[in-house]
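The structure under discussion appears below in the form of structure tokens.
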Amino acid sequence: MSKRRAKWVVGNWKMNGRLAENEALLQALASGGEAYSDVHIGVCVPTPYLAQAESLLKGAMVAWGVQDISAHPQGAYTGEVSAEMAVDFGATLAIVGHSERRAYHAESSELVAVKAQRALQAGLTPIVCVGETLEERESGATQDIVGAQLDAVLARLAEHELARIIVAYEPVWAIGTGKSATAAEAQEVHAFLRARLVAKSAAIADVPLLYGGSVKPENAEALFGQADIDGGLIGGASLKSLDFLAICAAAQAVSSAR
Ligand code: 13P
1 MSKRRAKWVV GNWKMNGRLA ENEALLQALA SGGEAYSDVH IGVCVPTPYL
51 AQAESLLKGA MVAWGVQDIS AHPQGAYTGE VSAEMAVDFG ATLAIVGHSE
101 RRAYHAESSE LVAVKAQRAL QAGLTPIVCV GETLEERESG ATQDIVGAQL
151 DAVLARLAEH ELARIIVAYE PVWAIGTGKS ATAAEAQEVH AFLRARLVAK
201 SAAIADVPLL YGGSVKPENA EALFGQADID GGLIGGASLK SLDFLAICAA
251 AQAVSSAR
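Using my numbering, the final residue of the sequence shown is 258, and nothing's skipped along the way.
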């Protein structure tokens with residue numbers, strides 16, 4: 001069985017959720033997730049709720065993690081949270097380089113690569129996000145942009161580290177807009193990213209490539225059915241248990257059909 005047969009469905013809650021509503025959502029995922037044994041399910045919660053995620057998801061089929069980590073292991077970095085701190089609360093996933101962090105916190109691709117390496121050193125799986133803006137797409141620069149974002153990570157990490165990352169293609173114009181890339185548009189970029197990985201080393205051909213940007217129950221199966229799309233990174237729809245579980249069901253349907 002290819003390592004890539006099982007799909008990934010990871011929620012990115014962004015800066016949403018409060019204790020009471022999280023409890024209902026996490027409980028629904030803990031019980032509902034059991035049905036999807038061919039899917040790697042995860043949620044990346046706001047850092048203050050890591051302990052809540054740990055207590056409600058422990059023993060369930062749902063992993064949890066953070067949406068960013070510091071590039072530093074520890075020290076005088078006011079406001080930052082280290083990868084090791086997330087690990088203390090059972091986290092296994094860390095999103096790095098989300099477009100919202102690149103745009104609002106001026107994170108460079110080099111910094112994102114450092115964060116990916118820090119995550120790995122702490123034992124977390126980094127989900128490295130890449131993606132182009134609408135202007136970049138319209139000017140024909142999509143491959144240049146996502147290629148350069150991926151190259152920064154390929155340049156910094158050793159092959160054994162690269163073998164443990166996940167990459168998420170998230171076109172900025174599709175995030176939170178309701179306007180997903182079509183399955184064919186997403187597949188085209190994923191095939192490009194896959195080729196870029198293989199050009200670096202055949203040993204990293206199976207790095208999971210997730211698509212993110214307005215994934216919903218209605219479009220998930222078509223997206224996940226593409227040859228180089230190994231699952232999704234889900235924003236808005238991850239805040240509603242029924243929608244998120246329906247996306248997991250779509251992933252399961254595609255995984256078991258392979
Ligand atoms: P939406 O699913 O809300 O478009 O967000 C995608 C995203 O940014 C996930 O990281």
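Ideal placement from N, C-alpha and C gives every residue a C-beta, glycine not left out.
Here the structure is a predicted model, which means the values were calculated and not measured.
Item: Which residues does DSSP pair with Lys7 in a beta bridge?; Value: Val39
Item: Quick check: does the Cβ of Glu170 come within less than 7 Å of any heavy atom belonging to the ligand 13P?; Value: yes
Item: Can you check which of these residues, Phe192, Glu100 and Arg102, is closest to Ala141 by C-alpha distance?; Value: Phe192
Item: From Glu100, Cys129, Tyr104 and Tyr77, pick the residue whose C-alpha is nearest to that of Leu93; which is it?; Value: Cys129
Item: Report the residue ranges of all alpha helix (DSSP H) runs contained in full by the segment 54–88; include only those spanning at least 4 residues, in chain order.; Value: 83–88
Item: Skipping 5 residues on each side, what residues in its chain have a beta carbon closer than 8 Å to that of Ala183?; Value: Asn219, Ala222, Leu223, Gly225, Gln226 and Ile229
Item: Any heavy atom of the ligand 13P closer than 7 Å to the CB of Asn16?; Value: no
Item: What three-state label does DSSP hand Met1 in the structure shown?; Value: Because Met1 carries a pLDDT of 37, less than 50, the predicted location of this residue cannot be relied on, and the following value inherits that uncertainty. Correct three-state label for Met1: coil.
Item: Val167 lies in the beta strand (DSSP E); which residues open and close that run?; Value: Ile166 to Tyr169
Item: By DSSP, does Asn16 sit in helix, in strand, or in coil?; Value: coil
Item: With distances taken from CA atoms, which of Phe89, Ala24 and Ser31 is nearest Met61?; Value: Ser31
Item: Using DSSP with H/G/I as helix, E/B as strand and the rest coil, what is Gly32?; Value: helix
Item: Helix or strand or just coil, what does DSSP make of Leu157?; Value: coil
Item: Is the segment 112–120 in contact with the segment 77–97, if contact means three or more CB pairs nearer than 8 Å?; Value: yes
Item: Given the structure, does Ile234 come close to the ligand 13P, in the sense that its CB is under 7 Å from one of the ligand's heavy atoms?; Value: yes
Item: Quick check: does the Cβ of Gly65 come within less than 7 Å of any heavy atom belonging to the ligand 13P?; Value: no
Item: How many angstroms separate the CA atom of Ala203 from the CA atom of Glu100?; Value: 31 Å
Item: How far does the alpha helix (DSSP H) with Ile247 in it reach, from first residue to last?; Value: Ser241 to Ala257
Item: Looking at C-beta atoms only, is the number of pairs between the segment 47–61 and the segment 22–36 that lie closer than 8 Å three or more?; Value: yes
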